[in-house]
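Protein chains: 2
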Amino acid sequence: MADYVKVALDGMGGDNAPFEIIKGAVEAVNESSKVKVFITGIEDTINEELSKYTYNKEQIEVVPTTEIIETAEPPVMAIRKKKDSSLVKALTMVKDGECDAYVSAGSTGATLVGGQVVVGRIKGVERAPLAPLIPTIEGVSLLIDCGANVDARPSHLLQFAKMGSVYMESIMGVKNPRVGIVNIGAEEEKGNALVKETFPLLKNCPDINFIGSVEARDIPYGMADVIVCEAFTGNVVLKMYEGVGGALISEVKKGMMKSLKTKIGALLVKGALKETLKRFQTEEYGGAPMLGLNGLVVKTHGSSKAKEIKNSILQCISFKEQNINQKIKEKLALDEA
Amino acid sequence: MADYVKVALDGMGGDNAPFEIIKGAVEAVNESSKVKVFITGIEDTINEELSKYTYNKEQIEVVPTTEIIETAEPPVMAIRKKKDSSLVKALTMVKDGECDAYVSAGSTGATLVGGQVVVGRIKGVERAPLAPLIPTIEGVSLLIDCGANVDARPSHLLQFAKMGSVYMESIMGVKNPRVGIVNIGAEEEKGNALVKETFPLLKNCPDINFIGSVEARDIPYGMADVIVCEAFTGNVVLKMYEGVGGALISEVKKGMMKSLKTKIGALLVKGALKETLKRFQTEEYGGAPMLGLNGLVVKTHGSSKAKEIKNSILQCISFKEQNINQKIKEKLALDEA
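Chains as they are written, first to last, in the numbering used here: chain A, 97 to 433; chain B, 97 to 433.
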């Protein structure tokens, strides 16, 4: 058992908990013999779900908890008060070294706060960013930070750039990943105060492959592998993906229902269209890691189904095997030397 | 002639100058007898273009200038040095009261700087925002500010909300326009420092119809008529429209070329698709007004064709007829009373 990558899974978090969460856990252990999942949550409920499936019993263990954190609860209070919740228990198992990683589809706020407060940051890491993969026409890019630290400082963004580079290189296999900073123009003198201060730090950093400013317009075209920004901006980028994509698609569908001719056409292109759109949905790329913590914390979408839970659990294996945290420590320390 | 709405048009600005610019001017005067266009630029070039068209000669006048501001020029320097450029001359005509409005497809930076420095702000207006109309599945919303003032203060955003409300009500005919502030969550306690400080100002303002936070995801669905944000955020919102829309469409097209079946389908839906996509392009909605100046300054896309130039010129008629600047003065003064 010592050889397993141990994942603490919040069994009660997310819109589709516990059904899809448990299903995802089962699918993960059935796909990989390297992982053991500790599911936190109401014991009877989880066991009842688990009883529906066939899997290697050694790879899943239920960790009973009695409380549940709701999505709308104020995160700081929830973390502090609900010690016996599925979410806090899972985080605590990572903190105590009983697990290597945490996966939850529950409250984003509570995960972000709990990641910092319960699991804690690697010494020297100033802020821990949330870094989802976003689709581009070339593949995927890492958006860092997308919601963990609003009003970040230049030194934080520099660390994000380094941690993001480690992730893209080690987990996604992108050699010498291109780092860009989100800006309102391509020229170096453009930007707000934060970007203007951060730009020279990135430019003069020998440990990353900085390519300069990236306008939001160019993000979906895959202009950079690591998209550095402050969390407010990152959140807007991520949400605009969802919003523009969703609205456009609903309009396209409406447009195709206008006449018999377009309806027939729609039938013929339906499959291809669906496939394309799927590729452009941010939900397709599994959970977003929170980097720079003493252990891996992965936040999956609130609407996660089994597939995303499974992918998020399997993602933890690479993270452990690639020894990402050691690499992050080295990358950040390089500078201090 | 005293009755004309007088528009100073930068004849040399934009990717398609002077051809499409002149064509747009001619189309505008041929469509409306209320407007007179003063085209600034190299006299011979402009006259040569004009000679190709039939129009009421009284409605177009050429104002000779010798210099041209290029898109890439540092704006402040360009405004200061090139007094005899088509762009500065057009702005000066508004400043001197010879024209009511300015329209240019040239350098955004020079227009923004020139708007503030040459034309000048209405007394009491702290910052003049650039406010384009953006498409939604319900119609259009006004995005204010989208690039003029990065690192704005809460009091600026409050004025933007008021000016935007006047514009949407008077020009777009939206009764009691809903004002929302771009935020990273719907709850009042969410946001960065700027949003948290601005929120109560908007909430307690009796002169606007404030509906609270709007997540970026909801913007394309038409959640609010006036979308208030700081310019960096506004620029990201606008550019993500272009980026996600463009990338998605190119992927959809690629997907439809995959097989004979999808190719036939594509032929059948092509027209409907094109129409839908056109509705979702930000270029379709004419120029973006810069509000709060002593005269109207309209910035159209660098890639503007005649149609956008024509629409931007005609837009100036409503602006004058509706007496927007007087209404803005009243709206802002209301608070000081």
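We put the CB at the ideal spot given by N, CA and C, even for glycine. Computed from a prediction, not measured in an experiment: that's the story for all the values here.
Give me the subset of the region 344 to 355 of chain B whose CB atoms are less than 7 Å from a CB atom of chain A, sorted by chain position.
L344, S346, E347, V348, G351, M352 and K354
Give a yes or no on whether the minimum CB-CB distance between N331(B) and chain A is below 7 Å.
Within the second sequence, the letter at position 235 stands for residue 331(B). It does; some Cβ of chain A falls within 7 Å.
At the level of alpha carbons, what is the spacing between E234(B) and P225(B)?
For the purposes of this step, residue 234(B) is taken as residue 138 along the second sequence, with counting starting at 1. For the purposes of this step, residue 225(B) is taken as residue 129 along the second sequence, with counting starting at 1. Each residue's alpha carbon lies about 24 Å from the other.
For a cutoff of 7 Å on Cβ pairs, would you count L364(B) as touching chain A?
Your numbering for residue 364(B) matches position 268 in the second sequence. With 7 Å as the cut-off, L364(B) counts as an interface residue toward chain A.
With DSSP as the reference, label D431(A) as helix, strand or coil.
The residue labelled residue 431(A) in the question sits at position 335 within the first sequence. Note on D431(A): pLDDT 48, under 50, position unreliable in the model; no value is reported.
Any heavy atom of the ligand ZN within a distance shorter than 6 Å of the CB on I267(A)?
As presented, the structure is devoid of all ligands, the ligand ZN included, so that no description of it is given.
At a Cβ threshold of 7 Å, is F376(A) touching chain B?
As a position in the first sequence, residue 376(A) is number 280, starting the count at 1. Closer than 7 Å: yes.
Along the chain, where does the alpha helix (DSSP H) containing F415(B) start, and where does it finish?
Reading the second sequence from its first residue, position 319 is the one you call residue 415(B). F415(B) -> alpha helix (DSSP H) spans A402 to E417.
Ordered along the chain, which non-local residues of its own chain (more than five positions away) have a Cβ less than 6 Å from that of E338(B)?
For the purposes of this step, residue 338(B) is taken as the residue at position 242 of the second sequence. Correct list: empty, nothing qualifies.
With DSSP as the reference, label D106(A) as helix, strand or coil.
As a working note, residue 106(A) is residue 10 in the first sequence. D106(A) falls in the strand class under three-state DSSP.
For chain A, find out if any of its Cβ atoms is closer than 7 Å to the Cβ of R313(B); answer yes or no.
Here the question's residue 313(B) lines up with position 217 in the second sequence. Yes, because at least one Cβ of chain A sits closer than 7 Å to the Cβ of R313(B).
Grab the span of the alpha helix (DSSP H) containing T150(B) for me, first residue to last.
Residue mapping note: residue 150(B) aligns to position 54 of the second sequence, counting from 1. Unbroken run through T150(B): none, as it is neither H nor E.
Host beta strand (DSSP E) of V278(B) (start-end)
Taking the first residue of the second sequence as position 1, residue 278(B) is located at position 182. R274 to N279 is the extent of the beta strand (DSSP E) around V278(B).
CB of I280(B) within 7 Å of CB of F328(A), strictly
Walking along the second sequence from the start, residue 280(B) turns up at place 184. Walking along the first sequence from the start, residue 328(A) turns up at place 232. Cβ atoms of I280(B) and F328(A): closer than 7 Å.
Check whether the Cβ atoms of P316(A) and V340(B) sit closer than 7 Å, and answer yes or no.
The residue labelled residue 316(A) in the question sits at position 220 within the first sequence. The residue labelled residue 340(B) in the question sits at position 244 within the second sequence. Taking 7 Å as the Cβ cut-off, P316(A) and V340(B) qualify as a contacting pair.
Consider the Cβ of V316(A): report whether some Cβ of chain B lies at a distance smaller than 7 Å.
The residue given as residue 316(A) occupies position 220 in the first sequence. Residue identity differs from the one stated: residue 316(A) is Pro in this sequence, not Val. Judged by the 7 Å Cβ criterion, P316(A) is in contact with chain B.
Would you grab the beta carbon distance between A402(A) and C242(A) for me? Rounded to a whole angstrom, and I think it's under 8 Å.
As a working note, residue 402(A) is residue 306 in the first sequence. As a working note, residue 242(A) is residue 146 in the first sequence. The pair is not a contact, with the Cβ atoms about 24 Å apart (cut-off 8 Å).
Residues near N390(B) by beta carbon distance below 8 Å, same chain, minus five either side
Along the second sequence, read from residue 1 onward, the residue named residue 390(B) stands at position 294. Closer than 8 Å at Cβ, skipping near neighbours: V190, K191, V215, G216, R217, I218 and N421.
Proximity test, Cβ basis, 7 Å: G361(A) and chain B
For the purposes of this step, residue 361(A) is identified with residue 265 of the first sequence, where counting begins at 1. At least one chain B Cβ lies under 7 Å of G361(A).
Should G220(A) be labelled buried (16 or more other beta-carbon atoms within 10 Å of its own) or exposed?
For the purposes of this step, residue 220(A) is taken as residue 124 along the first sequence, with counting starting at 1. It is exposed - the Cβ of G220(A) has fewer than 16 other Cβ atoms within 10 Å.
Beta-carbon gap between S182(B) and G210(B) smaller than 7 Å
Locating residue 182(B) in the second sequence gives position 86, where the first residue counts as 1. Locating residue 210(B) in the second sequence gives position 114, where the first residue counts as 1. No.
Assuming I458(A) and L238(A) are in contact, meaning their beta carbons sit under 8 Å apart, how far apart are those beta carbons, in whole angstroms?
As displayed, chain A neither begins before 97 nor continues past 433, which places residue 458(A) out of reach and without an answer.
Opposite I175(B) in the DSSP bridges: which residues?
Locating residue 175(B) in the second sequence gives position 79, where the first residue counts as 1. In DSSP, I175(B) forms no bridge with anything.
Starting from N126(A), trace the alpha helix (DSSP H) in both directions and tell me its first and last residue.
Stepping through the first sequence from its first residue, residue 126(A) is reached at position 30. Where N126(A) is concerned, the enclosing alpha helix (DSSP H) stretches over F115 to E127.
Report back the beta-carbon spacing between A312(B) and M336(A) to the nearest angstrom; my notes put them in contact at under 8 Å.
For the purposes of this step, residue 312(B) is taken as residue 216 along the second sequence, with counting starting at 1. For the purposes of this step, residue 336(A) is taken as residue 240 along the first sequence, with counting starting at 1. The Cβ separation is near 5 Å, so the contact holds.
Are the region 360 to 367 of chain B and the region 350 to 362 of chain A touching, with three or more C-beta to C-beta distances below 8 Å?
yes
When DSSP labels each residue in this structure, what does A384(B) get in the three-state scheme?
Taking the first residue of the second sequence as position 1, residue 384(B) is located at position 288. In this structure, A384(B) counts as strand in the three-state DSSP scheme.
Once DSSP output is grouped into helix, strand and coil, what is the label at Y198(B)?
By one-based count along the second sequence, residue 198(B) stands at place 102. Strand, per DSSP.
Taking its Cβ as the centre, do 16 or more other Cβ atoms sit within 10 Å of R176(B), making it buried, or is it exposed?
Within the second sequence, numbered from 1, the residue matching residue 176(B) stands at position 80. So R176(B) counts as exposed.
Whether T161(B) touches D140(B) by CB criterion (7 Å)
For this step, residue 161(B) is matched to residue 65 along the second sequence. For this step, residue 140(B) is matched to residue 44 along the second sequence. No.
Determine which residues of the region 231 to 254 of chain A have a Cβ less than 8 Å from any Cβ of chain B, and write them out in chain order.
T232, I233, G243, V246 and D247
Starting from N386(B), find everything on chain A with Cβ-Cβ shorter than 8 Å and list it in chain order.
Start at 1 with the first residue of the second sequence, and residue 386(B) comes out as number 290. Correcting the residue identity first, residue 386(B) is Met in this sequence and not Asn. None at all; the shortest Cβ gap to chain A is about 16 Å.
Leaving aside the five residues before and after K102(B) along the sequence, list all residues of the same chain whose C-beta is less than 6 Å from its C-beta, in chain order.
Sequence index remark: in the second sequence, residue 102(B) carries index 6 (1-based). Excluding positions up to five away in sequence, the list reads K132, C195 and D196.
Whole-angstrom distance between A174(A) and N245(A), CA atom to CA atom:
Mapped onto the first sequence, residue 245(A) falls at position 149. Mapped onto the first sequence, residue 174(A) falls at position 78. Going from the Cα of N245(A) to the Cα of A174(A) covers about 19 Å.
Considering only their Cβ atoms, is the gap separating V262(A) from I424(A) smaller than 7 Å?
On the first sequence, position 328 is the one that residue 424(A) refers to. On the first sequence, position 166 is the one that residue 262(A) refers to. Closer than 7 Å, so yes.
Assuming P296(B) is part of the alpha helix (DSSP H), what are its boundary residues?
Here residue 296(B) refers to the residue found at position 200 of the second sequence. Here the alpha helix (DSSP H) through P296(B) covers A289 to K299.
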